[in-house]
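Colleague: In my numbering, the protein residues as written are 216 to 385. Shown below is the structure under consideration.
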Amino acid sequence: DIVPVGATGELCTKGYSVMLGYWDDDAKTQETIVDGWMHTGDLATLDEDGYCNIVGRLKDMVIRGGENIYPREIEEFLFRHPKIQSVQVFGVPDAKYGEELCAWIVLRADEHMTEDDVRAFCDGQIAHYKVPKYVCFVDELPMTVTGKVQKFVMRQQMIDAWGLKAADTA
216 DIVPVGATGE
226 LCTKGYSVML
236 GYWDDDAKTQ
246 ETIVDGWMHT
256 GDLATLDEDG
266 YCNIVGRLKD
276 MVIRGGENIY
286 PREIEEFLFR
296 HPKIQSVQVF
306 GVPDAKYGEE
316 LCAWIVLRAD
326 EHMTEDDVRA
336 FCDGQIAHYK
346 VPKYVCFVDE
356 LPMTVTGKVQ
366 KFVMRQQMID
376 AWGLKAADTA
């Protein structure tokens, strides 16, 4: 389905320059290319002028109590705080809401913040359900050798450390 202007949806593309499929992987090709449209996995909005803005990745989207939350939006907001050098936001299992938000924050040199400071910064600026329930201050974020952040590592560390469990679903 095509979403209205300004709404978030998955970016799909079609044309002569779009890949034909994955080499020797028919299952992945059928999952990615449907009726000639390549599903990129990117979440995007389209404005009135036809400009496309990537807002996140489909696999990164967090669903908390029925609300679709895009971690990138929260990361960009938190980056505005002068004490924050780097931040990653991701979902962790929650028995009540299905998922809750967790933020891993790297502070600038010689800076100090508390979880309450982060929540106070968010208060009244972003929707209450977008404020991370869990805030962890770390010296560095787990990265691959090519410099890509490993959110799955952060998520698993939180699950293990806090014994988090997903909600039972029907």
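Each residue gets a CB set at the ideal place from its N, CA and C atoms; glycine is no exception. All values derive from a computational prediction rather than experimental measurement.
Go through its chain and collect everything with a Cβ distance to residue 385's Cβ below 8 Å, but skip five positions before and after it.
Modeller: Locating residue 385 in the sequence shown gives position 170, where the first residue counts as 1. Confidence in residue 385 is poor, its pLDDT being 46 and thus under 50, which makes the residue's placement unreliable; the coordinate value appears in the next sentence. Cβ neighbours of residue 385 beyond the five flanking positions: none.
Colleague: With distances taken between CB atoms, is the gap from residue 350 to residue 374 smaller than 8 Å?
Modeller: Taking the first residue of the sequence shown as 1, we reach residue 350 at position 135. Taking the first residue of the sequence shown as 1, we reach residue 374 at position 159. Going by C-beta atoms, residue 350 is not nearer than 8 Å to residue 374.
Colleague: Note down the Cα distance separating residue 263 from residue 376, rounded to an integer number of angstroms.
Modeller: Translated into the one-based positions of the sequence shown, residue 263 becomes position 48. Translated into the one-based positions of the sequence shown, residue 376 becomes position 161. Computed Cα separation, rounded: 46 Å.
Colleague: Locate the alpha helix (DSSP H) running through residue 370, then write down its first and last residues.
Modeller: Taking the first residue of the sequence shown as 1, we reach residue 370 at position 155. 366 to 377 is the extent of the alpha helix (DSSP H) around residue 370.
Colleague: Distance, Cα to Cα, residue 353 vs residue 260?
Modeller: Against the sequence shown, residue 353 aligns to sequence position 138. Against the sequence shown, residue 260 aligns to sequence position 45. One C-alpha to the other measures close to 32 Å.
Colleague: According to DSSP, which residues form a beta bridge with residue 358?
Modeller: On the sequence shown, position 143 is the one that residue 358 refers to. 364, per the DSSP bridge assignment.
Colleague: Measuring only the C-alpha atoms, how far is residue 355 from residue 276?
Modeller: If you number the sequence shown from 1, residue 355 lands on position 140. If you number the sequence shown from 1, residue 276 lands on position 61. Computed Cα separation, rounded: 23 Å.
Colleague: Check whether the stretch 247 to 256 and the stretch 218 to 238 are in contact - that is, three or more C-beta pairs closer than 8 Å.
Modeller: Counting Cβ pairs under 8 Å, three or more are found: they touch.
Colleague: Report the residue from 312, 254, 348 whose alpha carbon sits nearest the alpha carbon of residue 224.
Modeller: What you label residue 224 is simply residue 9 of the sequence shown in a count that begins at 1. For the residues 312, 254, 348, the minimum Cα distance to residue 224 belongs to 254.
Colleague: Mind pulling the alpha helix (DSSP H) runs of 4 or more residues that sit fully within the stretch 256 to 307?
Modeller: Counting whole runs of 4 or more residues, the stretch 256 to 307 contains the alpha helix (DSSP H) stretches 286 to 293.
Colleague: Ordered along the chain, which non-local residues of its own chain (more than five positions away) have a Cβ less than 8 Å from that of residue 267?
Modeller: Translated into the one-based positions of the sequence shown, residue 267 becomes position 52. So the qualifying residues of the chain are 226, 259, 260, 261.
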